[in-house]
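Residue numbers (the numbering used here), protein chains in the order written: chain D, 48 to 390; chain R, -17 to 221.
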């Protein structure tokens, strides 16, 4: 397992370091990395905790708004970054506790999380008045919050973390989040979480407090989504209510379904592939963007129900197993032949 | 209450709207006792079982585990008080292996290293080593029942609640199940809900008969078999 983790860390690091040399557009590459982290957050709670959250955009938006507001109110943007992780994590923990301790079934959970996102979307849109301010930060309604201080280089606070620096920072955060979740899933907490996904009743009957484990997992997912929101705020340098929109929520789910919810890599691949496609389609007017995304979703659900990465993984595993069996068969035949010659 | 009761219920009543599923059930189980609950369909056995496991909260009455009032506590809290539970339909984690299923149960109250050791022991005791790395979903019904018993064993319970452990098993598997139950009874008291009277005769000393949500009688198995009231409502005249 350690070997596999180290290998994936090395491959991931190499890919993320090399990527800027392969793609000229560092600006787009950075946001794809941020989307990767956002998709990973949903992939974790859905794929491994069995919690289908339709409102991951709520935590994404809270992270972004949290950063913008804290950045205006605190002198140090790194403190703001910390605040932007705590707010969505606490919000997710509170919402999760309400949902899981309230024994809401999967369908209601999806609906409630979606409604929460829409409430935040509506609320943020209606905060244009001067009364809506937190400290020195005006929420700005439909126009959002522009002009806050973004992250600076840790060793030089006069230099902003932009362009290549921001990309490498986002890539590092994504890699660390991926490796951290990999580790978590092999630790007892992760194995219990998978056990709960498989059979909640059984997990309860052996003594696990399912409500607590799910709430913690939900909070971790919320924190990761908030982290991606914080990075997005740094990338866009403005936060608007669109972050909480229905289309944003739907897009995250599509990334995870297409990439594959049963793996950690799948959601990242889905976000990169569909995110890149969206930017490409955005440059033309011939085909509607949403139509293409919808079609890809339908095709994936029909022909690759497990998603791209889990399907490929199974295919290569089968091939490897087949090749192994063939080589063992050949070895067996040749040794039998040798035995016959020897006789 | 006498000190040695591992499980006691007093006046447990369960109502679902206007339907009374259990009425004023008093029940007492001593340490290391093995008790079977029998009765016709709708007699209230499963409802009583669910009340004991915490899956249902009684409308009235109290449930005591080792003298502690545990009425209405959550199933995970019941399990943490040393109660191992096996449901009627094998409740296992399907896409995990037999080893992982048993390990998760052992890990609940033990360190990872200790849980590894316990898992190995349980797999050996139940002769499940060959299928330890198989996904439980791919196993036959009998093996799945054994895996679920392994899950129960790994928790090192002092009280085991089994709901129809012999359901759907072949003759050979039933014999194996009887052995396993006797083995479990060395360290724990057991309450078993069962329909198969041959199975009940093979394992139980005392039987509690439920009828229309009440305890009809409670007596040694042979006495229950000969009881005309029990024959009338459950066993039939030819039993």
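C-beta atoms are modelled at their ideal positions from N, C-alpha and C, and glycine is treated no differently.
Nearest-angstrom Cα separation, counted from residue 22 of chain R out to residue 215 of chain R: Start at 1 with the first residue of the second chain, and residue 215 of chain R comes out as number 233. Start at 1 with the first residue of the second chain, and residue 22 of chain R comes out as number 40. The straight-line gap from Cα to Cα measures roughly 7 Å.
Sorted by chain position, which residues of the same chain lie with C-beta nearer than 7 Å to residue 189 of chain D's C-beta, five sequence neighbours on each side aside? Locating residue 189 of chain D in the first chain gives position 142, where the first residue counts as 1. Taken in chain order, the residues that qualify are 172, 175, 288.
Where the beta strand (DSSP E) containing residue -9 of chain R begins and where it ends: Here residue -9 of chain R refers to the residue found at position 9 of the second chain. Run containing residue -9 of chain R: -13 to -2, per the beta strand (DSSP E) assignment.
C-alpha gap between residue 96 of chain R and residue 186 of chain D, whole angstroms: Position 114 of the second chain, counted from the start, is the residue given in the question as residue 96 of chain R. Position 139 of the first chain, counted from the start, is the residue given in the question as residue 186 of chain D. One C-alpha to the other measures close to 54 Å.
Between which two residues does the alpha helix (DSSP H) carrying residue 191 of chain R extend? One-based indexing of the second chain puts residue 191 of chain R at position 209. It is not in any alpha helix (DSSP H) - residue 191 of chain R instead sits in the beta strand (DSSP E) that spans 188 to 193.
Between the segment 131 to 144 of chain D and the segment 213 to 233 of chain D, can you find at least three pairs of beta-carbon atoms closer than 8 Å? no
Short check: CB of residue 282 of chain D to CB of residue 81 of chain D, under 8 Å? Here residue 282 of chain D refers to the residue found at position 235 of the first chain. Here residue 81 of chain D refers to the residue found at position 34 of the first chain. Yes, the pair counts as a contact, with Cβ atoms nearer than the cut-off.
Could you tell me which residues DSSP pairs with residue 66 of chain R in its beta bridges? For the purposes of this step, residue 66 of chain R is taken as the residue at position 84 of the second chain. Paired residue(s): R:142.
DSSP on residue 43 of chain R, reduced to helix/strand/coil? Within the second chain, numbered from 1, the residue matching residue 43 of chain R stands at position 61. Strand, per DSSP.
Run down chain R in chain order and give the residues with a C-beta less than 7 Å from the C-beta of residue 23 of chain D. Any question about residue 23 of chain D goes unanswered here, given that chain D covers just 48 to 390.
Determine the chain D residues that contact residue 94 of chain R at a beta-carbon separation under 8 Å, and present them in chain order. Numbered from its first residue, the second chain carries residue 94 of chain R at position 112. Correct list: 235.
Applying a beta-carbon distance threshold of less than 8 Å, which residues of chain R neighbour residue 246 of chain D? Position 199 of the first chain, counting from 1, holds the residue named residue 246 of chain D. Near residue 246 of chain D (Cβ distances below 8 Å), the residues of chain R are 73, 74, 75, 76.
With DSSP collapsed to three states, give me the class of residue 207 of chain D. As a first step, residue 207 of chain D must be located in the first chain, where it is residue number 160. Looking at residue 207 of chain D - three-state DSSP - the assignment turns out to be strand.
Between residue 4 of chain R and residue -5 of chain R, how many whole angstroms is the CB-CB distance? I'm expecting something under 8 Å. Position 22 of the second chain, counted from the start, is the residue given in the question as residue 4 of chain R. Position 13 of the second chain, counted from the start, is the residue given in the question as residue -5 of chain R. Correct: roughly 6 Å between the Cβ atoms.
Local Cβ density within 10 Å of residue 14 of chain D, reported as buried at 16 or more and exposed below that: The structure shown does not extend to residue 14 of chain D, since chain D spans only 48 to 390, so no value can be given for it.
Please check the pair residue 87 of chain R and residue 133 of chain R, which I expect to be a contact at CB under 8 Å, by giving their CB distance rounded to whole angstroms. The residue you call residue 87 of chain R lines up with position 105 of the second chain. The residue you call residue 133 of chain R lines up with position 151 of the second chain. With a Cβ gap of about 4 Å, residue 87 of chain R and residue 133 of chain R count as contacting.
When DSSP builds the beta bridges, which residues end up paired with residue 9 of chain R? Taking the second chain and counting its residues from 1, the one referred to as residue 9 of chain R is at position 27. Residue 9 of chain R pairs with R:-9.
Answer with buried or exposed for residue 75 of chain R, where buried requires no fewer than 16 other C-beta atoms within 10 angstroms of its C-beta. Residue mapping note: residue 75 of chain R aligns to position 93 of the second chain, counting from 1. Under this definition residue 75 of chain R is a buried residue.
Taking Cβ to Cβ, would you say residue 61 of chain R is nearer than 8 Å to residue 242 of chain D? Residue mapping note: residue 61 of chain R aligns to position 79 of the second chain, counting from 1. Residue mapping note: residue 242 of chain D aligns to position 195 of the first chain, counting from 1. For residue 61 of chain R and residue 242 of chain D, no; Cβs fall outside 8 Å.
For the alpha helix (DSSP H) that contains residue 34 of chain D, what are its first and last residues? This structure does not reach residue 34 of chain D, given that chain D is present from 48 up to 390, and the question cannot be answered.
Please confirm if residue 128 of chain R has its CB atom under 8 Å from at least one CB of chain D. The residue given as residue 128 of chain R occupies position 146 in the second chain. By this cut-off, residue 128 of chain R is not an interface position.
Look at the alpha carbon of residue 136 of chain R and the alpha carbon of residue 337 of chain D, and state the distance between them as a whole number of angstroms. Against the second chain, residue 136 of chain R aligns to sequence position 154. Against the first chain, residue 337 of chain D aligns to sequence position 290. Distance between the alpha carbons of residue 136 of chain R and residue 337 of chain D: 52 Å.
Alpha helix (DSSP H) segment containing residue 129 of chain R, residue limits: As a first step, residue 129 of chain R is located in the second chain; it is residue number 147 there, counting from the start. From DSSP, the alpha helix (DSSP H) with residue 129 of chain R extends over 123 to 136.
Any chance the segment 91 to 106 of chain D sits against the segment 332 to 349 of chain D, with 3 or more Cβ pairs inside 8 Å? no
Does residue 81 of chain R get closer than 8 Å to chain A when you measure Cβ to Cβ? Here the protein chains are D and R, and chain A is not one of them.
Report the residue from R:81, R:99, R:26, R:-7 whose alpha carbon sits nearest the alpha carbon of residue 129 of chain R. Locating residue 129 of chain R in the second chain gives position 147, where the first residue counts as 1. Here the closest residue by C-alpha is R:81.
Can you pull the chain D neighbours of residue 140 of chain R, defined as C-beta to C-beta under 7 Å? As a working note, residue 140 of chain R is residue 158 in the second chain. The contacting residues do not exist; residue 140 of chain R stays about 13 Å from chain D at best.
Going by DSSP, name the residue or residues bridged to residue 18 of chain R. If you number the second chain from 1, residue 18 of chain R lands on position 36. DSSP lists R:174, R:189 as partners of residue 18 of chain R.
Taking residue 269 of chain R as the query, report the chain D residues whose CB atoms sit under 7 Å from its CB, ordered along the chain. Coverage of chain R is limited to positions -17 through 221, which leaves residue 269 of chain R absent and any answer about it impossible.
Can you give, in chain order, each stretch of the alpha helix (DSSP H) that sits fully within the segment 218 to 247 of chain D and has at least 4 residues? 235 to 245
4-residue-minimum alpha helix (DSSP H) runs that sit fully inside the segment 298 to 347 of chain D, ordered along the chain: 312 to 329
With respect to the alpha helix (DSSP H) encompassing residue 197 of chain R, which residues constitute its N-terminal and C-terminal limits? Position 215 of the second chain holds residue 197 of chain R. First-last for residue 197 of chain R: 196 to 202, but that is the beta strand (DSSP E), not the alpha helix (DSSP H).
Residue 239 of chain D CB to nearest chain R CB: under 8 Å? Along the first chain, read from residue 1 onward, the residue named residue 239 of chain D stands at position 192. Residue 239 of chain D counts as touching chain R.
Using DSSP bridges, identify the partner residues of residue 50 of chain R. Position 68 of the second chain, counting from 1, holds the residue named residue 50 of chain R. Note: residue 50 of chain R sits in a beta bridge opposite R:47.
At 8 Å on the CB atoms, spell out the chain D contacts of residue 168 of chain R, in chain order. Counting from one through the second chain, the residue named residue 168 of chain R turns up at place 186. Under the 8 Å cutoff, chain D gives no residues; its nearest Cβ is about 21 Å from residue 168 of chain R.
Since I believe residue 161 of chain D is in contact with residue 299 of chain D (beta carbons under 8 Å), could you give me their beta-carbon distance rounded to a whole number of angstroms? To locate residue 299 of chain D, count along the first chain from 1; it is residue 252. To locate residue 161 of chain D, count along the first chain from 1; it is residue 114. With 8 Å as the limit, residue 299 of chain D and residue 161 of chain D do not qualify as a contact, their Cβ atoms being about 12 Å apart.
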